[in-house]
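Residue numbers (the working numbering): 907 to 1077. Backbone N, C-alpha and C fix where the C-beta goes; we use that ideal spot for every residue, glycine too. All values reported here derive from a predicted model rather than from experimental measurement. Below is one structure, written out as structure tokens, with a few remarks after it.
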């Protein structure tokens, strides 16, 4: 009679055999190992992020230096008169159409009204192949060691005949 009641209500008899499963200590060991592996993965990820950030900062510095060097070279070769004022630590570049001023401050450079965030220092000034301290120049060496190690900028131009003619005429 018991068997018929169980069959009627759809109750199945529980088997006495053991189902294969993990014990609580085994699950705890797996969880500990998983947390260690995940922790190591996050620390490696953090190291990779720091390296990427350092590479990005270096790239930005290199790009700013390259753009500054390109602009300075263009101004140097477009202007007919280039003069350096040692007291103001500034370059004045003049042409018939335009005048550009570069003022080298401690942590930045002013180009007319533009601020360029670079720490650059003028090393040497040259005119006609000889080192000079001030006045008219045709080449200069700038140190960028504060931005990138061993970074130097050298910009020069050739003086054309009109420059020497203007010097003789007192212009």
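Where residue 947 is concerned, the enclosing alpha helix (DSSP H) starts and stops at 930 to 984. For residue 1020, the enclosing beta strand (DSSP E) begins and ends at 1020 to 1022.
In the three-state reduction of the DSSP assignment, residue 1003 falls in the coil class. Counting C-beta pairs with one atom in each stretch, the stretch 1026 to 1036 and the stretch 1044 to 1055 have three or more that are closer than 8 Å, which means they touch.
Of all alpha-carbon atoms in 960, 941, 1043, 949, the one lying nearest the alpha-carbon of residue 988 is that of 1043. Here the C-alpha atom of residue 1065 lies approximately 39 Å from the C-alpha atom of residue 962. One Cα belongs to residue 1062, the other to residue 1000, and the distance between them is close to 15 Å.
Under the three-state reduction of DSSP output, residue 1062 falls in the strand class. Under the 8 Å Cβ criterion, the stretch 981 to 996 counts as touching the stretch 1007 to 1025, having at least three qualifying pairs.
Sixteen is the threshold: since fewer than 16 other Cβ atoms of the shown chains lie within 10 Å of the Cβ of residue 1051, the residue is exposed. Collapsing the DSSP output to three states places residue 1045 in a strand.
It is roughly 15 Å from the alpha-carbon of residue 957 to the alpha-carbon of residue 947. Sequence-distant partners of residue 971 (beyond 5 residues in either direction) whose C-beta falls short of 8 Å from its own C-beta, in its chain, are 1024, 1050, 1053, 1054, 1057, 1059.
In the DSSP assignment, residue 1030 falls within the beta strand (DSSP E) that extends over 1027 to 1033. Within the same chain, and ignoring the five residues on either side of residue 968 in sequence, the residues whose Cβ sits closer than 8 Å to its Cβ are 1054.
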